[in-house]
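One structure is given here, and the rest of the page talks about it.
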Amino acid sequence: MSRRCELTAKGPQVGHKVSHSNIKTKRRFLPNLCNVTFISDVLGRNVRLRVSTNAIKSVDHNGGLDAYLRKANAATLSPRALELKRQIEKKAADAAPVAKAS
């Protein structure tokens, strides 16, 4: 399993561990990933994603998973998240004409 956030595409970074004597050795900085269950109001189901804690805060700030995915850039999303985005947009488009007809 890759260490990459499914929503923000954050991945490992490379840097140096610097000792007291200033000796530099390579190390990896890994993103803080969590397995989280989000609730999709439009789809009416729960969605499990592996996301960074920063992405959890972003989803909450934007008003939920549906609103976050609508605003998100498709290039940064994982294939699973991209499929969710398409499903949410399709469901929202199908529901919009029904609301206008009423």
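Reading the sequence shown from the start, the letters are residues -14 to 87 in our numbering. Where is the CB? At the ideal position from N, CA and C, for every residue including glycine.
Assuming residue i is part of the beta strand (DSSP E), what are its boundary residues?
| i | result |
| --- | --- |
| V3 | -2 to 3 |
| K9 | 9 to 14 |
Alpha carbon to alpha carbon, how far is residue i from residue j?
| i | j | result |
| --- | --- | --- |
| L54 | A66 | 8 Å |
| T(-7) | S6 | 37 Å |
| G29 | R(-12) | 28 Å |
| G0 | R71 | 37 Å |
For the putative contact between residue i and residue j, defined by C-beta atoms under 8 Å, what is the C-beta separation to the nearest angstrom?
| i | j | result |
| --- | --- | --- |
| V44 | I73 | That pair is no contact at about 13 Å. |
Are the C-beta atoms of residue i and some chain C residue less than 8 Å apart?
| i | result |
| --- | --- |
| A66 | Among the chains of the structure shown, chain C does not appear; only one protein chain is present. |
Give the range of the alpha helix (DSSP H) segment to which residue i is assigned.
| i | result |
| --- | --- |
| R55 | 50 to 56 |
Nearest by alpha-carbon distance to residue i: which of the options is it?
| i | options | result |
| --- | --- | --- |
| L34 | N20, P16, A59 | N20 |
| T38 | P16, S25, N47, G29 | P16 |
| L69 | A40, A80, N31, H46 | N31 |
### Task
At 3 residues or longer, and completely inside the stretch 16 to 42: list those beta strand (DSSP E) runs for me, N to C.
With a minimum length of 3 residues, the continuous beta strand (DSSP E) runs that stay inside the stretch 16 to 42 are 18 to 25, 30 to 37.
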